[in-house]
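Written out below as structure tokens is the structure these notes cover.
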Amino acid sequence: MTRYILWVLRGIAVAAFIAFAAIILMSLNPLVWRIAGPSGIFTALVDFAVGLRNVLTLLIISFIELAAAVSAYITGFLTQQDAAGLVTFFRDAITAYFQAFGFSLAPAGLPPFDYVIIFLLSFYFLSFWILLIIAIIAGVTSFLRVSGRLASLCFISMIGLAILGAAGIVLNIPGSENGYFLPSAEFIWPLSWPVLLVALVGFIYLEASYQVVYFYSLLEPVTVREEQLRRQITQLHTDAQRQVPVQTEEVPVPKALQRMLGSDAFRLMRQVIERKLLRREWLVELKDAHEVRRLNRFVTRLFREDPEAEATLTARASTPSIYRMTVLSISSSAIGFIFVLLIAYICINPLAFLTLLNAPPIIIESIELLFLPEKTLLFLVPLALLFPLAASIIGYIRQRRAQPAEPTRPTITQ
Amino acid sequence: MFSERGRTVLLIGIFILVSGFAFTNFVLVILGIFLIIGSVASSPFFHLTMPVETLEVTREIDKRKIFQDDFLHVKLIVKNSGSHRIDSIDIFDVYPEIFRLVLGQNRIRTRIDPNQEIKFSYILQAPLRGKFTFGPTKFQIYDRLEFRFEEMSGENFEELLIYPNVEEVRIMESLAKKRRVGHMFGIHKTRQMSLGTDFTGIRKYEVGDEYRRIDWKASARTQKLMMRQYETERNIRMFIILDIGATMAAGRPENSKLEAAIRAALMLAKMAMERKDHVGLLSWSTKQHSFLKPGLGDAHYYRMLDLLAEISPGGEFDLTTAIEYLAPRVTQQSFFVIITDLESNRKRLEKGVKLIRGYKHNAIIVRPFGPWFEIEEIYLSPVERAIGEAIVHRLLEEQSQLSKSFQRVGVTIVPVGPGDFLPTVLSEYLKAKKRSIAVI
Chain A
3 MTRYILWVLR
13 GIAVAAFIAF
23 AAIILMSLNP
33 LVWRIAGPSG
43 IFTALVDFAV
53 GLRNVLTLLI
63 ISFIELAAAV
73 SAYITGFLTQ
83 QDAAGLVTFF
93 RDAITAYFQA
103 FGFSLAPAGL
113 PPFDYVIIFL
123 LSFYFLSFWI
133 LLIIAIIAGV
143 TSFLRVSGRL
153 ASLCFISMIG
163 LAILGAAGIV
173 LNIPGSENGY
183 FLPSAEFIWP
193 LSWPVLLVAL
203 VGFIYLEASY
213 QVVYFYSLLE
223 PVTVREEQLR
233 RQITQLHTDA
243 QRQVPVQTEE
253 VPVPKALQRM
263 LGSDAFRLMR
273 QVIERKLLRR
283 EWLVELKDAH
293 EVRRLNRFVT
303 RLFREDPEAE
313 ATLTARASTP
323 SIYRMTVLSI
333 SSSAIGFIFV
343 LLIAYICINP
353 LAFLTLLNAP
363 PIIIESIELL
373 FLPEKTLLFL
383 VPLALLFPLA
393 ASIIGYIRQR
403 RAQPAEPTRP
413 TITQ
Chain B
241 MFSERGRTVL
251 LIGIFILVSG
261 FAFTNFVLVI
271 LGIFLIIGSV
281 ASSPFFHLTM
291 PVETLEVTRE
301 IDKRKIFQDD
311 FLHVKLIVKN
321 SGSHRIDSID
331 IFDVYPEIFR
341 LVLGQNRIRT
351 RIDPNQEIKF
361 SYILQAPLRG
371 KFTFGPTKFQ
381 IYDRLEFRFE
391 EMSGENFEEL
401 LIYPNVEEVR
411 IMESLAKKRR
421 VGHMFGIHKT
431 RQMSLGTDFT
441 GIRKYEVGDE
451 YRRIDWKASA
461 RTQKLMMRQY
471 ETERNIRMFI
481 ILDIGATMAA
491 GRPENSKLEA
501 AIRAALMLAK
511 MAMERKDHVG
521 LLSWSTKQHS
531 FLKPGLGDAH
541 YYRMLDLLAE
551 ISPGGEFDLT
561 TAIEYLAPRV
571 TQQSFFVIIT
581 DLESNRKRLE
591 KGVKLIRGYK
601 HNAIIVRPFG
611 PWFEIEEIYL
621 SPVERAIGEA
631 IVHRLLEEQS
641 QLSKSFQRVG
651 VTIVPVGPGD
661 FLPTVLSEYL
671 KAKKRSIAVI
């Protein structure tokens, strides 16, 4: 039952991941994948490698020029023409050196800054592929291994794609780019508003992933523990029945050694070997078998005398109620969503909130003059700090109220 | 406080928000706000529902005193008596490191509803003698999404006393039960000839013998005066002086000189008490000591077991102060079995031995020989072996000198190793008994 529920939860998280990934990928301009050629990632890699080569060449040449100029300045013997000649000489030498290995340097002609721009662009396009691959690998792995860290990594990668897209103006979510203003100044955000929908799906994906991790961390260990203990006890019963045979076998001694030693010496030697090697191993085995039997007796007696021992050892007694967990988690998440939505609304649309509070016109007018970043931060920062502050005050009061009790150390009595 | 996950989400939120502002993207702005608020919003509720006073923890240990190598069932009951649920709690029960976890686990991750009680247990094996403390129980309480956590400690401690291994004593008792005729009759009587009522045989008359014990029939048969001989069993007063100095603890913990000495002392005491001899105990070093005046009986044996279980090594053994401490407490002649590795101050040892003889006591020194305990089953490189041999040589030389010095006052040193410790101690006791040393 537990495993089925965990699989259902995983399914929900996967669905949220697919939805989030699909929205981000579909919102990105297809040009970013460079799929005009035979293979998008291959083209991106080639462009990146060429760009890197060009920039490195540029760096080497710049270094040589700089070194030549500095040496000319220090020595004072060289004229400007000599320095230029020296640079040309070095450049030719390096070009010849690289060409010998099949490499070519950056083609001359473009201004140096352009090379850097081209390189950065190639890196930009390659980054989409890198982030996509990381997101897919982390998403699938987090689904299989139920890991909060991997879910976070997947989320960061997906968001990275969105940020890259937004930076290059290739992310096309209706209403997102013109939006230092809300769709209208109304009080209620439409749920069909694509901007809100995308943000909500992203948030739900993260929440669902963490919920799965939460359920998994509580339910899976108990199941594993129970299975493990049952296996151990079965093994214990089996091992306790096993008899360790009395060790009578003689250790074979090479004939050559037998011939070398006299019969008495040989017997003595054999005895020493038997005592030192064989007997020691046998004694260890005997002791282990004895311990296993003792443990088996102890466990059998424990289960007989304490009816709940098996349940406590497997921790079955402390398994949370799945039904209750599910109901409470869903309700908590729903309340959390509403709360977060409300705060976000206040931060982004403070005018509506202030109007609702009948704030003086002068305040409303001063807010109206602000742009979105200032407006948002004006409310977001105090609100975000309010919660930790309230938490600290509550924690402090509760700690003060709880008197530190003296630790009780019961001593052993007769 | 923020967990790693909480911090990550908060930082991602800030990053996304700043990116949203930078690239004029409303999706990123809203998502950033969602994450920032989502990561901090539950803080007050988390602290409000923290079970600071309402989490009750009880540890149930099935026995407070067990023998070494025995098993122990530890059950932990945690109750949330508050009105708020705990979404996620990591409970970790601390037990002494030396114990072996055999079955179950000492930690659990679960959730506790209001007024709910959870139970889990585990089985440990106690590999060493001594007094050990269990606890505390530690808690890590998380919120549902693990954005925050707080640590708490249960402050519940339990003490457990582990008696030394009494496998040998059990074997002896088992053998005695099998024989059904008492405990190894015939080998342990302290003979005092011509006294008592147990007839042992006939011998020739010697000058000074009592006439009433002449066997006339035997005399007529042999034409010589023959005497009837009787014997009686006399009990002795024995005192075990145990060196608990730091040097006695060298080697593997479960196979140190001290552990072997304690097992030997216990076996010796058990055997002697079975034969109605009085046995006392003194464990001594510069730091600590425990003293039990000579006595016998089950209660006395268990008291001795308690004292031996609680011994912990430390300091340097000083025989002189030990004897000075004993002198006013043990006034009657006694047989001292001193178990020491003789690795303490030599002059104090010699003085102590002289004091023993000065107080008219008899003594034997049983010496667990260090190298035989410490290098057993350990692989040694040639260099280490050479050093080891040099140490053995030096110790043997010192022992030889000490032996000569002690023998002058009638005290012998018996070196023992892990294998022959028990037989040697018991054999020395039986010899002393036969010689009627320190009879009561």
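Going line by line, the protein sequences match chains A and B.
Every number in the working numbering is 2 more than the matching position in the first sequence, counting from 1.
Every number in the working numbering is 240 more than the matching position in the second sequence, counting from 1.
All C-beta atoms in this analysis are idealised placements derived from N, C-alpha and C, irrespective of residue type, glycine included.
Note that the structure is predicted; figures quoted are calculated from it, not measured.
Top-ranked residue by Cα proximity to residue i, from the options
i, options, result
"residue 462 (chain B)", "B:445, B:453 and B:469", "B:445"
"residue 395 (chain B)", "B:442, B:362 and B:332", "B:332"
"residue 253 (chain B)", "A:358, A:346 and A:367", "A:346"
"residue 574 (chain B)", "B:543, B:676, B:500 and B:583", "B:676"
"residue 448 (chain B)", "B:465, B:667 and B:522", "B:465"
"residue 144 (chain A)", "A:295, A:71, A:218 and A:313", "A:218"
"residue 542 (chain B)", "B:277, B:603 and B:521", "B:521"
"residue 604 (chain B)", "B:654, B:290, B:312 and B:335", "B:654"
"residue 200 (chain A)", "A:386, A:29, A:385 and A:303", "A:29"
"residue 7 (chain A)", "A:287, A:327 and A:387", "A:327"
"residue 288 (chain B)", "B:319, B:326, B:374 and B:303", "B:326"
"residue 256 (chain B)", "A:342, A:10, A:165 and A:59", "A:165"
"residue 284 (chain B)", "A:238, A:23 and A:394", "A:394"
"residue 275 (chain B)", "A:234, A:203, A:18 and A:9", "A:203"
Simplified DSSP state of residue i, which is helix, strand or coil
i, result
"residue 309 (chain A)", "coil"
"residue 551 (chain B)", "coil"
"residue 357 (chain B)", "strand"
"residue 367 (chain B)", "coil"
"residue 478 (chain B)", "strand"
"residue 292 (chain A)", "helix"
"residue 347 (chain B)", "strand"
"residue 358 (chain A)", "helix"
"residue 313 (chain B)", "strand"
"residue 244 (chain A)", "coil"
"residue 483 (chain B)", "strand"
"residue 676 (chain B)", "coil"
"residue 425 (chain B)", "Its pLDDT being 44, under 50, residue 425 (chain B) is placed unreliably in this model, and the coordinates cannot settle the point."
"residue 536 (chain B)", "coil"
"residue 327 (chain A)", "helix"
"residue 598 (chain B)", "helix"
"residue 195 (chain B)", "For chain B, the structure presents residues 241 to 680; residue 195 (chain B) sits outside this window and is missing."
"residue 21 (chain A)", "helix"
"residue 56 (chain A)", "helix"
"residue 327 (chain B)", "strand"
Close-in-space but distant-in-sequence residues of the same chain around residue i (CB under 7 Å, 5 per side omitted)
i, result
"residue 47 (chain A)", "128"
"residue 581 (chain B)", "483, 487, 488, 497, 607, 608 and 610"
"residue 378 (chain A)", "349 and 350"
"residue 246 (chain B)", "279, 387 and 388"
Contacts around residue i, its chain only, beta-carbon distance under 6 Å, and the 5 residues preceding and following it disregarded
i, result
"residue 120 (chain A)", "53"
"residue 224 (chain A)", "317 and 321"
"residue 31 (chain A)", "172"
"residue 679 (chain B)", "474 and 476"
"residue 323 (chain B)", "354"
Sub-7 Å separation of residue i and residue j beta-carbons
i, j, result
"residue 43 (chain A)", "residue 131 (chain A)", "yes"
"residue 369 (chain B)", "residue 549 (chain B)", "yes"
"residue 360 (chain B)", "residue 314 (chain A)", "yes"
"residue 364 (chain B)", "residue 339 (chain B)", "yes"
"residue 563 (chain B)", "residue 592 (chain B)", "yes"
"residue 328 (chain B)", "residue 351 (chain B)", "yes"
"residue 302 (chain B)", "residue 366 (chain B)", "no"
"residue 317 (chain B)", "residue 294 (chain B)", "no"
Residue-level contact to chain E via CB, residue i, 7 Å cutoff
i, result
"residue 666 (chain B)", "Among the chains of the structure shown, chain E does not appear; the protein chains present are A and B."
Neighbourhood of residue i by C-beta distance below 8 Å, restricted to the same chain and skipping five residues each side
i, result
"residue 12 (chain A)", "145, 148 and 214"
"residue 331 (chain A)", "213, 216 and 217"
"residue 375 (chain B)", "299, 333, 334, 394, 395, 396, 397 and 398"
"residue 613 (chain B)", "490, 491, 495, 496, 497, 500, 657 and 658"
Sufficient close CB pairs (3 or more, under 8 Å) joining the stretch 209 to 217 of chain A to the stretch 305 to 318 of chain A: no
Pairs of beta-carbons, one from the stretch 263 to 272 of chain B and one from the stretch 154 to 165 of chain A, closer than 8 Å: are there three or more? yes
Is there contact here, the stretch 333 to 347 of chain A with the stretch 228 to 246 of chain A, by at least three beta-carbon pairs under 8 Å? no
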